[in-house]
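So the structure is just underneath, and the comments pick up after that.
Residue numbers (my numbering): 2 to 419.
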């Protein structure tokens with residue numbers, strides 16, 4: 002947990018600058034940065050299947066160590082960027098590390114608990130990392146607010162340093178996850194019981210870096226399963242909502258509304274503070290509802306946030322109102338989406354399915370910056386309408402898949418009716 006929190010602090014400092022950094026420190030235009038970001042994301046896609054296979058072979062802990070070291074190297078590369086080619090190369094390293102992280106982290110947590118307890122673990126880690134990210138965002142905002150010319154570079158350097166420190170902490174023996182049973186009484190076993198369904202075999206070997214079991218299903222099994230493909234499509238659409246704090250708000254507020262660069266950092270801090278205050282308690286109260294239903298509610302809140310931004314014209318009430326609506330959606334959807342992804346596929350192929358989930362997220366990561374760069378300044382109505390439609394489609398997709406058994410979102414607390 003300490004490694005995760007430390008890394009989140011550095012990321013929190015940098016996230017508001019993730020798109021703006023190259024606009025502020027190079028001669029690249031917003032459109033060029035958007036194109037370069039999308040191209041780098043596209044080039045990183047082949048890394049995801051490899052990352053999933055490596056997680057299934059190495060184990061989640063070792064994969065997270067490699068992820069942090071690779072990310073640190075990429076962030077240091079950001080400091081050397083002076084052209085579009087350099088931007089794409091540096092971002093490709095960081096995005097490759099990201100592919101490995103998202104194939105490993107949900108499985109690392111899933112080795113700790115199962116059932117509704119798994120949702121609480123995701124909520125706990127989400128609250129902790131958002132607290133750290135909020136502090137990082139506040140620190141980054143204060144640093145940027147000083148007007149110091151080297152502030153943006155300092156933020157990137159700190160982010161790289163925290164990634165290295167997180168890798169060192171994960172090397173400690175205490176960083177190995179120890180499976181914990183669900184603390185609640187369980188009903189008599191039957192098909193589909195429990196939020197995550199029956200576990201198909203022991204998981205201890207995964208956290209210690211064992212190789213893939215001989216009976217692990219191949220890629221073809223995952224790709225032929227319609228239920229899993231439906232989850233991937235829904236996640237791809239819903240993922241556009243997560244562009245709001247990292248890409249949409251910074252560019253919209255600074256380049257369109259003409260507000261100072263510290264405003265997005267303040268908005269991110271508000272987002273993180275609210276999550277820290279309400280995430281765990283909210284998730285505990287949502288176990289009576291299916292995960293897919295919760296995600297559907299979340300998509301409606303995110304669509305509302307988009308509508309407020311579109312109609313508010315950059316005024317303070319619209320900015321902070323939209324942040325609160327999006328945050329509410331994020332609180333609902335975060336643990337639910339992660340738990341669905343971590344439990345939908347067989348445990349022996351968890352790393353590979355999580356890699357496919359990461360590819361689904363990459364759809365928005367690839368096209369999102371390009372959409373922002375080409376539409377938000379001159380075609381705002383089209384941009385906001387398209388973004389809201391995608392988020393709504395994602396929520397509806399999760400609800401449709403949730404009606405199928407074994408989706409990872411079928412059941413909450415044992416015996417609780419829907």
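From the three backbone atoms N, C-alpha and C, an ideal C-beta is built for every residue, glycine too.
Collapsed DSSP secondary structure at residue 321 in the structure displayed: On the chain shown, residue 321 is found 320 positions in, with the first residue counted as 1. Looking at residue 321 - three-state DSSP - the assignment turns out to be helix.
Backbone CA spacing between residue 3 and residue 300 [nearest angstrom]: Within the chain shown, residue 3 is the residue found at index 2, counting from 1. Within the chain shown, residue 300 is the residue found at index 299, counting from 1. Near 31 Å, if we compare the C-alpha coordinates of residue 300 and residue 3.
At least three beta-carbon pairs within less than 8 Å, the segment 316-330 to the segment 293-308: yes
Which listed residue (264, 260, 286, 394) has its alpha carbon closest to that of residue 445: The shown model of the chain, from 2 to 419, leaves out residue 445, and the question about it has no answer.
Pairwise C-alpha distance: residue 27 and residue 293: As a working mapping, residue 293 is identified with position 292 in the chain shown. As a working mapping, residue 27 is identified with position 26 in the chain shown. Taking the straight line joining both Cα atoms gives about 43 Å.
Residue 23: first and last residue of the uninterrupted alpha helix (DSSP H) it sits in: Here residue 23 refers to the residue found at position 22 when the chain shown is read from its first residue. Note, residue 23: alpha helix (DSSP H), 21-26.
Alpha helix (DSSP H) segment containing residue 8, residue limits: If you number the chain shown from 1, residue 8 lands on position 7. Counting along the chain, the alpha helix (DSSP H) containing residue 8 begins and ends at 3-15.
Pair within 8 Å by beta-carbon distance, residue 421 and residue 79: Nothing in the structure corresponds to residue 421, since the chain is present only between 2 and 419.
Contacts around residue 237, its chain only, beta-carbon distance under 8 Å, and the 5 residues preceding and following it disregarded: The count along the chain shown starts at 1 and reaches residue 237 at position 236. Contacts found: 361, 362, 364, 365, 395.
Nearest neighbour of residue 280, chosen from 333, 351, 381, 51 [CA to CA]: Position 279 of the chain shown, counting from 1, holds the residue named residue 280. Residue 280 has its Cα closest to that of 333, out of 333, 351, 381, 51.
Counted within 10 angstroms of its Cβ, other Cβ atoms place residue 433 as buried (16 or more) or exposed: Because the chain is modelled from 2 through 419, residue 433 falls outside the range shown and cannot be assessed.
Exposed unless 16 or more other CB atoms sit within 10 angstroms - verdict on residue 84: The residue given as residue 84 occupies position 83 in the chain shown. The residue is exposed, with fewer than 16 neighbouring Cβ atoms inside 10 Å.
Cα-Cα separation, residue 259 to residue 376: The residue labelled residue 259 in the question sits at position 258 within the chain shown. The residue labelled residue 376 in the question sits at position 375 within the chain shown. About 17 Å.
Outcome for residue 289 when other beta-carbon atoms lying within 10 angstroms are tallied against a minimum of 16: For this step, residue 289 is matched to residue 288 along the chain shown. When all chains shown are included, residue 289 counts as exposed.
Candidates 220, 321, 112, 34: closest to residue 265 by CA position: Your numbering for residue 265 matches position 264 in the chain shown. Checked all of 220, 321, 112, 34; the closest Cα to residue 265 is 321.
Residue environment, residue 285, which counts as buried when at least 16 other CB atoms sit within 10 Å: For this step, residue 285 is matched to residue 284 along the chain shown. Exposed, by the Cβ-count rule.
Whole-angstrom distance between residue 77 and residue 379, CA atom to CA atom: Walking along the chain shown from the start, residue 379 turns up at place 378. Walking along the chain shown from the start, residue 77 turns up at place 76. Straight-line measurement puts the Cα of residue 77 at about 34 Å from the Cα of residue 379.
Alpha-carbon spacing of residue 370 relative to residue 42, whole angstroms: Numbered from 1 along the chain shown, position 369 holds the residue referred to as residue 370. Numbered from 1 along the chain shown, position 41 holds the residue referred to as residue 42. Using only the alpha carbons, I get a separation of about 10 Å.
8 Å contact criterion, which residue 82 and residue 91 should meet: CB distance rounded: What you label residue 82 is simply residue 81 of the chain shown in a count that begins at 1. What you label residue 91 is simply residue 90 of the chain shown in a count that begins at 1. Rounded, the Cβ-Cβ distance is 5 Å, consistent with contact.
Distance between beta carbons of residue 70 and residue 165, contact taken as under 8 Å: Here residue 165 corresponds to residue number 164 of the chain shown, with the count starting at 1. Here residue 70 corresponds to residue number 69 of the chain shown, with the count starting at 1. Indeed, because the Cβ distance is near 7 Å, the residues count as touching under 8 Å.
Supposed contact pair residue 130 and residue 5 - C-beta distance, whole angstroms, cut 8 Å: Here residue 5 refers to the residue found at position 4 when the chain shown is read from its first residue. Here residue 130 refers to the residue found at position 129 when the chain shown is read from its first residue. Contact holds; Cβ gap of about 6 Å.
Reference residue 40, options 251, 359, 367, 397, closest by Cα: As a first step, residue 40 is located in the chain shown; it is residue number 39 there, counting from the start. The candidate whose alpha carbon is nearest that of residue 40 is 367.
Residue 242 (DSSP reduced to helix, strand or coil): Numbered from 1 along the chain shown, position 241 holds the residue referred to as residue 242. DSSP places residue 242 in helix when its eight states are reduced to three.
Buried versus exposed, by CB contacts within 10 Å (16 or more), residue 169: As a first step, residue 169 is located in the chain shown; it is residue number 168 there, counting from the start. Under this definition residue 169 is an exposed residue.
Range of the contiguous alpha helix (DSSP H) that encloses residue 99: By one-based count along the chain shown, residue 99 stands at place 98. First-last of the alpha helix (DSSP H) with residue 99: 85-111.
Whether residue 287 touches residue 295 by CB criterion (8 Å): By one-based count along the chain shown, residue 287 stands at place 286. By one-based count along the chain shown, residue 295 stands at place 294. The answer is yes: Cβ separation under 8 Å.
Among 44, 108, 256, nearest to residue 351 - alpha-carbon criterion: One-based indexing of the chain shown puts residue 351 at position 350. Considering only alpha carbons, the answer is 108.
Euclidean distance between Cα positions of residue 344 and residue 148: Translated into the one-based positions of the chain shown, residue 344 becomes position 343. Translated into the one-based positions of the chain shown, residue 148 becomes position 147. When rounded, the distance between both Cα atoms is 47 Å.
Cβ shell of residue 7 (< 8 Å), same chain only, five flanking positions each side left out: Working through the chain shown from its first residue, we reach residue 7 at position 6. Cβ neighbours of residue 7 beyond the five flanking positions: 133, 163, 166, 167, 170.
Residue of 29, 102, 19 minimising C-alpha distance to residue 50: Numbered from 1 along the chain shown, position 49 holds the residue referred to as residue 50. Answer by Cα proximity: 102.
Length of the line joining the Cα atoms of residue 314 and residue 249: By 1-based counting over the chain shown, the position of residue 314 is 313. By 1-based counting over the chain shown, the position of residue 249 is 248. For residue 314 and residue 249, the distance between alpha carbons rounds to 14 Å.
Residue environment, residue 31, which counts as buried when at least 16 other CB atoms sit within 10 Å: Taking the first residue of the chain shown as position 1, residue 31 is located at position 30. For residue 31, the number of other beta carbons within 10 angstroms of its own is at least 16, and it is reported as buried.
Whole-angstrom C-beta distance between residue 356 and residue 52, which should lie under 8 Å: Start at 1 with the first residue of the chain shown, and residue 52 comes out as number 51. Start at 1 with the first residue of the chain shown, and residue 356 comes out as number 355. With 8 Å as the limit, residue 52 and residue 356 qualify as a contact, their Cβ atoms being about 5 Å apart.
From 272, 146, 61, 233, residue whose alpha carbon lies closest to that of residue 354: Numbered from 1 along the chain shown, position 353 holds the residue referred to as residue 354. With distances taken between Cα atoms, residue 354 lies closest to 233.
Three-state class that DSSP yields for residue 354 in the structure shown: Counting from 1 along the chain shown, the entry for residue 354 is found at position 353. In this structure, residue 354 counts as helix in the three-state DSSP scheme.
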